[in-house]
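Worksheet: one structure, shown below.
Protein chains: 2
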Amino acid sequence: MKTNFSETKKLFNLPEGIIYLDGNSLGPLPKTAAQKVTQMMESEWGEMLITGWNNAGWMHQPVSVGDRVARLIGAEPGHVVVGDTLSIKVYQALASALEMRPDRRVILSDSGNFPSDLYMAEGLIKSLNAGHELRVVAPEDIAENITDEVAVTLITEVDYRTGRRHDMGKLTAKAHAVGALTVWDLAHSAGAFEVDLMGCGADFAVGCTYKYLNGGPGSPGFIYVAPRHVEHTRPALSGWLGHAAPFAFEPSYAAGDGIERMRVGTPSVIAMASLEAALDIWDRVEMTDLRERSIELSTLFIETVEKNCPMLKLASPRDPAGRGSQVSFHFEHGYAVMQALISRGVIGDFRAPDIMRFGFTPLYLDDDDVLAGCEILTEVMQGKLWDRVEFKIKARVT
Amino acid sequence: MKTNFSETKKLFNLPEGIIYLDGNSLGPLPKTAAQKVTQMMESEWGEMLITGWNNAGWMHQPVSVGDRVARLIGAEPGHVVVGDTLSIKVYQALASALEMRPDRRVILSDSGNFPSDLYMAEGLIKSLNAGHELRVVAPEDIAENITDEVAVTLITEVDYRTGRRHDMGKLTAKAHAVGALTVWDLAHSAGAFEVDLMGCGADFAVGCTYKYLNGGPGSPGFIYVAPRHVEHTRPALSGWLGHAAPFAFEPSYAAGDGIERMRVGTPSVIAMASLEAALDIWDRVEMTDLRERSIELSTLFIETVEKNCPMLKLASPRDPAGRGSQVSFHFEHGYAVMQALISRGVIGDFRAPDIMRFGFTPLYLDDDDVLAGCEILTEVMQGKLWDRVEFKIKARVT
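In order, the protein sequence lines correspond to chains A and B. Residue numbers for the first sequence follow the working numbering, beginning at -19 and rising by one. Residue numbers for the second sequence follow the working numbering, beginning at -19 and rising by one.
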């Protein structure tokens, strides 16, 4: 059955007078989330106390919630676990992958990757102190740099600034052809379009749940390990909840079955309840429908902006197949324009040096929202309203 | 002003008919917590959306909440940061400490440590692959094993099974005398009694907030680094929120100022709101008063149990100075006794092979609770009610 997006829109709390084009940073509040969290706190924590770990199923949540995420990213059920943060999950995936390629020393990434991924890789390399190299190339050069020196690629599928999307299938195949492994960061993919981890043969994938998935600020990260690898991965962050028998309190670590081993410490059950409320909405969504609407919305935005605001230069790929679910424009005064937009209720964001970015999220945005946003943007651009903002910013700084 | 514990007790949701002696595993629900979380979700996340990171102060929370914890553990303000889980914080502290002692190879711990700490150390050692050794000795032998081979001690101050408390001041001094560093795990200390990190000269400390601090299931961990060290520590888990300028999105990592560098990824703001509600209660508490009441309650428990249930053998130190805020007893049929107790509304827990443990938390327990718990325990022991439970357990297994 076709997804009904006018119905899903009603399931979110969208503040009056706001056009929210920043769901790629932080998704909005699902209407049932606070109630679901309150219920968990009062009926489970409040009444069951410590017994909630078994009686309310808290202990099993990282895997059961992981299964709900797995469907959205084309992963095998039982092979995604939710917890910690995306940065921690990057570290886990990279550390495991490097050990699986002990004769290789290169982590290959690109300059379009989100900095935290590069930082975590840097930190790991310094700790290992074994001559590894983080090789960062331009995004368009990544394919040709996948050589047999590469132990693992660390690639964010969608560029957080431009929305440019890598070809996961092709790059994974290239990596496998030279014996390299892949870690895919799905921060701007999960909930943005259909991801097909199984079909692409991805080795590891990681992501967060507070952007397109709408789990709330700081909602947990997730990690996927391909079934063919998981029993051969050693968890570098070997916490007790990844142990084969956490409640045996054995003195030595023994990795748990399958993806369970990628659990570390005690996960936030409160955060998990909010994420579950968000995933209830996702249960109503077909990812192919979502992608179709996302392309319609972003194409409408590009066409309208280019017609009305010729000073803005498209920073995202024009071909929808080459984009995630955001659209970015270059403009010299982009920072001030974004401030002017935000003060008028259109929320996007700015990334240095000159990128204004706008996220398109069919779950709660429709054509009218996009056109209303364009109208305000046009007003700001045609009236050069950023001038006043820049004056204010300078006045504040000096 | 003397802490008013009959007032603090009213601030918790305590289920009717339950005597909760397991606050050392998971503290109960503060009455304002659900409301505080709802308010954060609806007024901050719901209304401010992405701008909440600045406008609602979410970005600064790990340090501002850290300051509230700092007071309870005798740490300098501005030197505790909240986030991730205790296991992750153990990893961070250990990794930093080992790098500060590059010529030494021993991590010294004891068999009374919580297994996750040992597991995290094991995992780190394997990753470093540099000949480190995790040396685990009996708790009573720890002092004499602090030699100049030791890079860092990894000690949980209070044994999770027996409640035995190490002398933090003495052991830290011993470590420093031989040039070793200390990582103190305060899982069963923070909120259990006065901790004096500054006075003891501790180097690193870590802990969780879901036990005595009552932050809720999976409430975040925390880490302390002594001011004299923090600028010299390299964060092994070098995530973007520990970067000197997270929003500059620079390609290379540069550690943030002071304790900020121990932040990693995006923290759960929802979990933090619940923890803040719990800390509101702690603001009314003087730690010296708490300790005094804790000793009164646990002494009353020991005396009553020993009088009425001679089959139970005290597993905790008899001297209150040598204990945390829990009391444990050995009994062959301890598991079945604990099941019988729980079915009668007295919640403690069991740790293999034969330990029944009971936590004493003056914030919401008084003499009447302790005596009522003792009465039920006496009933179970004198009536040998565990026999029936053991029969049921066996029947279920076969």
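We treat Cβ as the ideally placed atom computed from N, Cα and C, and that holds for glycine.
Using a C-beta cutoff of 7 Å, does leucine 321/A count as contacting chain B? no
Which residues in chain B have a C-beta closer than 8 Å to the C-beta of alanine 251/A? List them in chain order. Gly198, Ser248, Ile250, Ala251
Is the beta carbon of proline 42/A sitting closer than 7 Å to the one on valine 62/A? yes
Figure out for me which residue from Thr(-12)/A, Gly7/A, Thr(-17)/A has the closest Cα to the Cα of glycine 198/A. Gly7/A
Determine, using beta carbons only, whether asparagine -7/A comes closer than 7 Å to chain B. yes
Isoleucine 335/A at chain B interface by Cβ criterion, 7 Å: The beta carbon of isoleucine 335/A sits no closer than 7 Å to any beta carbon of chain B.
Taking C-beta pairs closer than 8 Å, name the residues in chain A that arginine 331/B reaches, listed in chain order. Per Cβ cutoff of 8 Å: Phe229.
Check the Cβ-Cβ distances between alanine 216/A and every residue of chain B, and say whether any is below 7 Å. yes
Residue-level contact to chain B via CB, alanine 14/A, 7 Å cutoff: yes
Spatial neighbours of cysteine 188/B within its chain, please: CB distance less than 6 Å, with the 5 preceding and 5 following residues excluded, ordered by chain position. Leu66, Ala167, Gly201
Beta-carbon within less than 6 Å of arginine 48/A's beta-carbon, same chain only, minus the 5 sequence neighbours each way: which residues are those? Leu259, listed in sequence order.
Using 7 Å as the limit for Cβ to Cβ distance, is isoleucine 30/A near chain B? For isoleucine 30/A, the answer is yes, since a Cβ of chain B falls inside 7 Å of its Cβ.
Below 7 Å CB to CB, which residues in the same chain sit around threonine 127/A once its five sequence neighbours on both sides are set aside? Val158
Members of the stretch 37 to 61 of chain B that neighbour chain A once the beta carbon cut-off is set at 8 Å: Trp38
So if DSSP puts glutamate 113/A in a beta bridge, which residue, or which two residues, is it bridged to? Within the DSSP bridge table, the entry for glutamate 113/A names Val86/A as partners.
Contact check, phenylalanine 379/A vs valine 307/A, beta carbons under 7 Å: Given that chain A is displayed from residue -19 to residue 378, the structure contains no residue 379/A and the question cannot be resolved.
Taking 8 Å as the threshold, find out whether the stretch 234 to 246 of chain B comes into contact with the stretch 49 to 59 of chain B through three or more Cβ pairs. yes
What does histidine 223/A touch in chain B if you count any residue whose Cβ is under 9 Å from its own? Pro95, Ser96, Tyr99
Residue environment, glycine 363/A, which counts as buried when at least 16 other CB atoms sit within 10 Å: exposed
Between which two residues does the alpha helix (DSSP H) holding valine 138/B run? Here valine 138/B belongs to no alpha helix (DSSP H), and DSSP marks it neither H nor E.
Indicate whether at least one CB of chain A lies closer than 7 Å to the CB of tryptophan 164/B. No, its Cβ sits nowhere closer than 7 Å to a Cβ of chain A.
For a contact defined as C-beta to C-beta under 9 Å, what are the partners of aspartate 64/A on chain B? Asp64, Thr65, Ile68, Val244, Gly245
For a contact meaning CB atoms closer than 8 Å, what does alanine 380/A contact in chain B? The requested residue 380/A does not occur in the structure, where chain A is confined to residues -19 to 378.
Please state the DSSP three-state secondary structure of histidine 209/A. helix
So, is the C-beta of threonine 189/B closer than 7 Å to a C-beta in chain A? no
Opening and closing residue of the beta strand (DSSP E) in which valine 61/A lies: Its beta strand (DSSP E) spans residues 60 to 63.
Integer Cβ distance of valine 130/B from arginine 84/B, believed to fall under 8 Å: 7 Å
Collapsed DSSP secondary structure at cysteine 188/A in the structure displayed: strand
Inter-residue spacing [alpha-carbon to alpha-carbon] between isoleucine 354/A and serine 278/A: Looking at the sequence provided, one finds cysteine at residue 354/A rather than isoleucine. Going from the Cα of cysteine 354/A to the Cα of serine 278/A covers about 11 Å.
For lysine 287/A, count neighbouring Cβ atoms within 10 angstroms of its own Cβ and tell me buried if that reaches 16, exposed if not. Answer is exposed; the Cβ neighbour count stays below 16.
Cα separation between leucine 114/A and alanine 110/B? 21 Å
Determine the DSSP secondary structure at aspartate 367/B, reduced to helix, strand or coil. helix
Mind checking who tyrosine 204/B pairs with in its DSSP beta bridge? Val60/B, Ala185/B
Considering only C-alpha positions, which residue in the set Val249/B, Phe309/B, Ser89/B is nearest to proline 392/A? Because chain A is modelled from -19 through 378, residue 392/A falls outside the range shown and cannot be assessed.
For the structure I just gave you, are there three or more beta carbon pairs, one from the stretch 300 to 314 of chain B and one from the stretch 133 to 149 of chain B, closer than 8 Å? Three or more Cβ pairs drawn from the stretch 300 to 314 of chain B and the stretch 133 to 149 of chain B lie within less than 8 Å of each other, which places the two stretches in contact.
With a threshold of 7 Å on Cβ separation, who are the neighbours of glutamine 72/A within its own chain once the five nearest residues in sequence on each side are excluded? Ile203, Pro215, Ala216, Leu217, Met242
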